[in-house]
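Engineer:
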Amino acid sequence: MKALVTGACGFVGRHLVEVLVENNVDVIALDRNTNEALPVRMVQCELDHIDQLPKLVKDRDIDCCIHLAWEGATGALRGDTDIQLKNVKRTMDLCNVLPEMGIKRFVGIGTLAEKDTNHYIPTDGATPNKVSCYGVAKLAAHYLSKVVCTQNGIDHIWCQLSNIYGVGDSSNNFVNFASKLMLTGGRLAFTDGEQIYDFVYITDIANAIYLAAKRGKKNKLYYVGSGHQQKLKYYIAQIRDAIDPRLQLHLGEVPFHGVALPDEEFECAKLLEDTGYHAKVSFEEGIVKTVAWLKTVQEGDHV
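Below, the structure is given as structure tokens:
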């Protein structure tokens, strides 16, 4: 198996490349910066100039393209409409150069924010936020890439990733936010935590993408979860216990705006059935690793 991976130097990309290499996949890593140290062939190409890719990569025996590259996936840029629309256009441009390279399989990487967007934004009185902008763009990329791939005779697979966390993640995702709040002595004010959440450790995410690329079925959507979703207050308590069980939680002090997703939205039976995927790292195990790493980062910041 030979795979072209965009965004290979990102948090998810690095772990995916590691899993691919472990499974004897020949990887061509596409990124803006080839100075990163990855144990595979690196190709530098801006997605805004993706039409140059067939000249930069002469291989015509690539089995699939796994598309991770996405500007503004975290932080304030998630609410930048110009950047998010560019991401959609870049995804379409990529899908349109794949036929010239003989690539017959496209694996796009989506997000749980797509589900939030579908459930919340269409409701009367909804007040979308910056994450909504990101979710809308991912939905557009999801549906439009499926159309373009179908027109180009390319198998389309879309993976909706749940909430990712783990060692090495520098984003301000919920696990990092809550952990840092507890580590720095901030007031632990949260919503009531009754809404269902699903957190998946980074190595399970990477393995799921690999399995979807290898065994996923044409034109299917796979939600990538842990298979053990819980109410948010459970995860908050687990983070607290990994840091200091004596810390007092103030659940319900922060109002919840949005629509709580029903439990069935976190079902990943399709992925299990088609690919054999099972999450291997429990939240209890993963949060201990993550908190230990965050503590070392915090100590390093104080040096």
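Under my numbering, the first residue of the sequence shown is numbered 4, with each subsequent residue one higher. Don't be surprised by glycine CBs; every beta carbon is placed ideally from N, CA and C.
Check each candidate in Ile212, Tyr225 and Tyr204 and name the one with the smallest Cα separation from Ala6.
Structural biologist: Ile212
Engineer: Apply the 10 Å Cβ neighbour rule to Gly228 and answer buried if 16 or more other Cβ atoms are within range, or exposed otherwise.
Structural biologist: buried
Engineer: Give me the residue from Tyr226, Tyr237, Ile53 and Ile208 with the minimum Cα distance to Gln198.
Structural biologist: Of the listed residues, the one whose Cα sits closest to Gln198 is Tyr237.
Engineer: Using three-state DSSP, classify Val227 as helix, strand or coil.
Structural biologist: strand
Engineer: Opposite Asn166 in the DSSP bridges: which residues?
Structural biologist: Phe202
Engineer: Compare the C-beta of Ser285 with all C-beta atoms of chain B and state if any pair is closer than 8 Å.
Structural biologist: Reference to chain B is not applicable here, since this structure consists of a single protein chain.
Engineer: Tell me the rounded alpha-carbon separation between Gly314 and Phe177.
Structural biologist: Absent from the model: residue 314. The displayed extent of the chain is 4 to 306, so no value can be given.
Engineer: In angstroms with no decimal places, state the Cα-to-Cα distance between Arg17 and Tyr123.
Structural biologist: 32 Å
Engineer: Unbroken alpha helix (DSSP H) runs of length 4 or more, entirely within the region 136 to 192: which are they?
Structural biologist: 177 to 186
Engineer: Whole angstroms is fine: what's the gap from Leu50's alpha carbon to Val91's?
Structural biologist: 11 Å
Engineer: List the DSSP bridge partners of Ala6.
Structural biologist: Val30 and Cys67
Engineer: Our contact map puts Ile112 next to His70 with C-beta atoms below 8 Å; I'd like the distance itself, whole angstroms only.
Structural biologist: 6 Å
Engineer: Could you spell out where the alpha helix (DSSP H) holding Val24 opens and where it closes?
Structural biologist: Phe14 to Glu25
Engineer: What distance in whole Å lies between the Cβ atoms of Cys48 and Leu56, which are believed to be in contact at a cut-off of 8 Å?
Structural biologist: 6 Å
Engineer: If I'm right that Ala209 touches Val257 with Cβ under 8 Å, what's the distance once you round it to whole angstroms?
Structural biologist: Their Cβ separation, rounded to whole angstroms, is 32 Å, which puts Ala209 and Val257 out of contact at 8 Å.
Engineer: Under three-state DSSP, which class holds His281?
Structural biologist: coil
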